[in-house]
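Asks: Which chain is which? The protein sequence lines are P and F, in order.
Following UniProt numbering from start to finish, the first sequence increments by one per residue and tops out at 261.
Following UniProt numbering from start to finish, the second sequence increments by one per residue and tops out at 161.
Built from N, CA and C at the ideal position, the CB exists for glycine as well.
Bear in mind that the values here come from a model prediction, so they are computed numbers and not experimental data.
Let me begin by handing over the structure; questions about it come next.
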Amino acid sequence: MATEAKVDPMHQFTIQPMFGTDQMELLGYNIAITNSTVWMAISAIVLWAFVFGGMKRELVPGRWQMAVESFTGLIDDMLEANIGKNGRKYVPYIFSLFMFILFGNVLGLLPLGVIGLHPFTFTSHFTVTGILAIISFGIVLIVGFAKHKLHFFSLFVPHGTPVPMIPIIFVVEMISFMVRPFSLGLRLFVAMMAGHVLLEVLSSFVIGSSNAGLQYFAIAGIPSFLLMVGICALEILVAGIQAYVFALLTSVYLNDAENLH
Amino acid sequence: MPQIEQLAATYSSQVFWLLLIFGLVFFVIGKGMVPKVMDTVALRDKQISDDLAAAEAARNKADAEEAAWRDRENANRAEAQALVAKAKAEAAVSTEKKLAAAQTGIDAKLAKAEARIADARASAVAEIEEVASEAAADIVKRLAGIEVSAAEARPAVKEAM
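Below you can see the structure in the form of structure tokens.
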């Protein structure tokens, strides 16, 4: 892209079928293996390798095992803090969710362009984040109704609501509840996309200004480049935070389903 | 925005592969590997807490043994001190007795000796009186020519002495 005359900051999100599978179909639906698919698979494989490295089950853990155990411990503590003892059964799901998103975010940030590969951040697609949000929301609904039956609707009436207010509060709470999957999915998608667009725009400033001449490079290129360095660090932080927020909000919502109010 | 422009063309592929790959992640990693990792952590925590409990128990036992030993030691010491005190008291009593016996023996000897001395003195005095009386009678006879018996001279001698 750097060699193109005009840099399109949105081009990096384009989904391209790979390995000539663009006509692959299942029950009439297109299931082409795309760059998105490949990066999901890479994230899954890297995640598997990461966890596998921590499965030595040594009494005195090495660094790698320590790293894996600190991630499982993080999720375990988060669920215990938000849900309580009942929360431990969600560790596999929340761990998978958190690590899959985290690895997707971080791997998508890798500067693989310098060796000719095109990194793709699948979490910058609301199709993906939306599905993950719907899965989380679906688990909340299933657990909530399985555990509390129709009593689950009392979630929409907070304690101490005056009786005349109940219908209005119920509707308001219901709307805020139904918005959850959208906010959950959109937050991650927007955060990832915004960061990548920002980096792309800044890099286009650097390239464009250096093509325009030395004085433009000094005025616009160097500050943009310095800003890029900072934004890169920020993006790594955002990659972690957004994965954590997704997992944290899922566990908070699961707490509603598990314990009501 | 490719996310929207390509939505119709790619949503099915995205959804299918996400579900497949995330499903694999969940079942293989989340369900298969994470519990083992957590078991290891739990096992280690358990072992650490067990070891700590064992150490605590061992320390308590050592403390108890030390306390028992101290009690025993104190009892022994008290016993020993009692023995020493008893021996001391006995020794003192026997010393006192011996001293008293010796004292009475000495007193008796002293009294006897004093009595003997008094006798000796009395007899010596009597002898001296006798001798003095005889000498006085002799002296009187020679000087005055008067015959004075020793018995008559005695009161005078006694007076002079």
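Name, please, each residue of chain P whose Cβ falls closer than 8 Å to the Cβ of K36(F).
Replies: M55, R57
Asks: Just the Cα atoms here: how many angstroms apart are A2(P) and F205(P)?
Replies: In this prediction, A2(P) has a pLDDT of 46, which is less than 50 and means its spatial position is unreliable; what the coordinates show is noted afterwards. Taking the straight line joining both Cα atoms gives about 11 Å.
Asks: Against chain F, does T123(P) count as a neighbour if the rule is that its beta carbon must be under 7 Å from one of theirs?
Replies: no
Asks: Once DSSP output is grouped into helix, strand and coil, what is the label at T34(P)?
Replies: strand
Asks: Express the C-alpha separation of V46(P) and residue 178(F) in angstroms, rounding to a whole number.
Replies: The question about residue 178(F) has no answer here: the residues shown for chain F are numbered 1 through 161.
Asks: List the residues that DSSP assigns as beta-bridge partners of Y29(P).
Replies: L26(P)
Asks: Kindly give me the distance between the Cβ atoms of residue 262(P) and D76(P), rounded to whole angstroms, as I take these residues to be in contact under 8 Å.
Replies: The structure shown does not extend to residue 262(P), since chain P spans only 1 to 261, so no value can be given for it.
Asks: In the DSSP assignment, find the alpha helix (DSSP H) that holds L260(P) and state where it starts and stops.
Replies: Careful: L260(P) lies outside any alpha helix (DSSP H) and carries neither H nor E.
Asks: Is residue 289(P) helix, strand or coil when you go by DSSP?
Replies: With chain P covering 1 to 261 only, the question about residue 289(P) has no answer from this structure.
Asks: Buried or exposed: S133(F), going by 16 or more other Cβ atoms within 10 Å of its Cβ?
Replies: By the Cβ-count criterion, S133(F) is buried, with 16 or more other Cβ atoms from all chains shown falling within 10 Å of its own Cβ.
Asks: How about G108(P) and T121(P): do their beta carbons lie closer than 7 Å?
Replies: yes
Asks: Using a cut-off of 8 Å between C-beta atoms, extract the partners of residue 264(P) located in chain F.
Replies: Only positions 1 to 261 of chain P appear in the structure, and residue 264(P) is not among them; the question remains open.
Asks: Tell me the DSSP bridge mates of P17(P)?
Replies: T34(P)
Asks: For V197(P) and F182(P), what's the separation of their Cα atoms in angstroms?
Replies: 21 Å
Asks: Taking A218(P) as part of the alpha helix (DSSP H), name the residues at either end of that continuous run.
Replies: Premise fails: A218(P) is in no alpha helix (DSSP H) and is neither H nor E.
Asks: Nearest by alpha-carbon distance to V143(P): which of T14(P), N255(P), T34(P) is it?
Replies: N255(P)
Asks: If you reduce the DSSP assignment to three classes, tell me which class E147(F) lands in.
Replies: coil
Asks: Give me, in chain order, the residues of the same chain whose beta-carbon lies closer than 7 Å to that of V51(P); leave out the 5 immediate sequence neighbours on both sides.
Replies: The answer, listed in chain order, is V68.
Asks: Does the beta-carbon distance from I94(P) to A233(P) come in below 7 Å?
Replies: no
Asks: Quick one: is W17(F) buried, meaning 16 or more other Cβ sit within 10 Å of its Cβ, or exposed?
Replies: buried
Asks: Within a Cβ cutoff of 8 Å, which residues of the same chain sit near E58(P), ignoring the five residues on either side of it in sequence?
Replies: Q65
Asks: To the nearest whole angstrom, what separates the beta carbons of residue 329(P) and V37(F), a pair I think is in contact under 8 Å?
Replies: Outside the modelled stretch of chain P, which goes from 1 to 261, sits residue 329(P), for which no answer is possible.
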